[in-house]
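Here the structure comes first, spelled out in structure tokens, and everything after it is commentary.
In our numbering, the protein residues as written are 33 to 79.
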């Protein structure tokens, strides 16, 4: 049970990190559609 809980926490942290990094990238590259799509996918998983 504990490893399952840890795996879920790791996924939440992974999605959070990806959203933050992509947000920073998109601030400097707002026209990058691939990055925006990735951000939206991770954001949906994180929410």
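From the three backbone atoms N, C-alpha and C, an ideal C-beta is built for every residue, glycine too. Keep in mind that this is a model prediction, so the values were computed, not measured.
Exercise. Who are the near neighbours of residue 74 in its chain, counting only those whose CB is closer than 7 Å to its CB and skipping five residues on each side?
Worked result: 47, 50, 51, 54, listed in sequence order.
For this session: Return the CA-CA distance between residue 39 and residue 45, expressed in angstroms with no decimal places.
Result: Taking the straight line joining both Cα atoms gives about 10 Å.
For this session: Would you mind reading off the limits of the alpha helix (DSSP H) that contains residue 67?
Result: Unbroken alpha helix (DSSP H) run through residue 67: 65 to 78.
For this session: Report the three-state DSSP secondary structure of residue 61 (helix, strand or coil).
Result: For residue 61, the three-state secondary structure derived from DSSP is coil.
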